[in-house]
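Be aware that the first sequence starts at 3, since it is given in the numbering used here, and climbs by one per residue.
A virtual CB, placed ideally from N, CA and C, is assigned to each residue, including glycine.
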Amino acid sequence: MPELPEVEVVRHGLEPAVTGATVTSVVVHDERSLRRHLGPAEDFIDRLLGAHLIGAVRRGKFLWMPLSSPIDGAEPHTAIVGHLGMSGQLLLRTPEAPTAPLTRVQLGLTHPEHGPLRVDFVDQRIFGSLALDELLPTPDGAAAGHGLLLASIPSQVAHIARDPLDPVFDDPVFVRRLLSRRTTVKRALLDQTLVSGIGNIYADEALWAARVHYEQPLESLSPRRARELLAEVRLVLRRALDEGGTSFDAQYVNVNGASGYFSHSLRAYGQQGKPCPRCGRPIVREQFMNRGSHYCPRCQRVR
DNA sequence: CTTTCGCCCTGAGTGC
DNA sequence: TGCACTCAGGGCGAAA
């Protein structure tokens, strides 16, 4: 369940290894991990072999690595787009390292300073994917995401909203769009076309921090509480990012989707039965949108 | 256009 | 030991 902070840790770890690297080999163990690639696996492999990567960029939960243009000095027009889905990992390995179980795709790289490297895409449930995609100019001309000052975005990511940590994120526009929705607050927080990067875990955490019930209708949420909720979203994401950043090993992208979670700081998610850190009343878990929703029945009431 | 729903996918864990 | 069953849910296309 990687969300913005986990994906950012992956991006940050990949960045020094892939920037300036050349693709020397591509092994596709399971074509289903290329579901979002238009064309067969052979096309993915052929176009990637010999390509030069120029960085690692992230918007919300999407990650992409632009390829340098074959024409000298021209803007890049293609990127490897990755989404980790529920269980995906991008692991940086040495070429000699054994292949982990559930490895779906392997990219062999050579870097002018770091030498040969391997990026392994491991994904148990195959909700994640890798693809080659066309880069399009951003409508506002601003950098498309975090990691590279490049005003172009993969076509598959163009409909994804900027995330709350993006310097170009527009708070008043977000609050207006949020409050005009005719649905409940958690549904809206999880809608990546409205605001990106938030998944089930950090939605529950931010709602708990802002004392908002997950089924609060947006028509009855005040602008003030909406702004407070946005502030709590940012705090929750930043705190997770800080914790992930400290445990990150520069040599390897060491993200374990199962146990490497920033679980030590969770106040609501997965805490059902445990006392609310604020009032002591047990946290409740309910089914909602085929997901678990965790909240404090005393602190978080529909109003 | 907006909102909701169903589907994709499988290893790990649990109970008998 | 082995089998059946449950669980985790992000993103997207189709439908209402």
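Burial state of residue i (16 or more Cβ within 10 Å)
{"i": "T185", "result": "exposed"}
{"i": "D125", "result": "buried"}
{"i": "R226", "result": "exposed"}
{"i": "M291", "result": "exposed"}
{"i": "E98", "result": "exposed"}
{"i": "S70", "result": "buried"}
{"i": "V170", "result": "exposed"}
{"i": "T109", "result": "For clarity, residue 109 is Leu in the given sequence; the question names Thr instead. Answer is buried; the Cβ neighbour count reaches 16."}
{"i": "L6", "result": "buried"}
{"i": "P154", "result": "The sequence given here places Ser at residue 154; Pro does not occur at that position. Result: buried."}
{"i": "S295", "result": "buried"}
{"i": "S198", "result": "buried"}
Counterpart residues of residue i in DSSP-defined beta bridges
{"i": "I155", "result": "L138"}
{"i": "R61", "result": "F64"}
{"i": "S2", "result": "In the structure as shown, the chain starts at 3 and stops at 305, and residue 2 therefore has no counterpart that could be examined."}
{"i": "H39", "result": "According to DSSP, H39 bridges with nothing at all."}
{"i": "G294", "result": "Q289"}
{"i": "P284", "result": "P277"}
{"i": "H54", "result": "T24"}
Whole-Å CB distance - residue i paired with residue j, under 8 Å assumed
{"i": "R49", "j": "L167", "result": "That belief does not hold up - the Cβ atoms of R49 and L167 are roughly 32 Å apart, past 8 Å."}
{"i": "V107", "j": "V20", "result": "Wrong, their Cβ atoms sit about 14 Å apart, outside the cutoff."}
{"i": "L119", "j": "L111", "result": "5 Å"}
{"i": "E10", "j": "L237", "result": "About 15 Å separates the two Cβ atoms, so there is no contact after all."}
{"i": "L150", "j": "G57", "result": "4 Å"}
{"i": "L231", "j": "V214", "result": "6 Å"}
Beta-carbon gap between residue i and residue j smaller than 7 Å
{"i": "R293", "j": "Q274", "result": "no"}
{"i": "D165", "j": "G62", "result": "yes"}
{"i": "L51", "j": "A43", "result": "no"}
{"i": "A163", "j": "T195", "result": "yes"}
{"i": "L138", "j": "A160", "result": "yes"}
{"i": "G246", "j": "M3", "result": "no"}
{"i": "F90", "j": "G130", "result": "First, the residue type needs correcting, since residue 90 is Gly and not Phe in the sequence shown. Closer than 7 Å, so yes."}
{"i": "L180", "j": "A190", "result": "yes"}
{"i": "A81", "j": "P18", "result": "no"}
Item to complete: Jot down the residue ranges of each uninterrupted beta strand (DSSP E) in the region 79-124, minimum 3 residues, whole runs only, in chain order.
Response: 80-85, 90-95, 105-113
Worksheet entry | 4 or more residues per run - each alpha helix (DSSP H) lying fully within the region 182-222 | 187-191, 202-212
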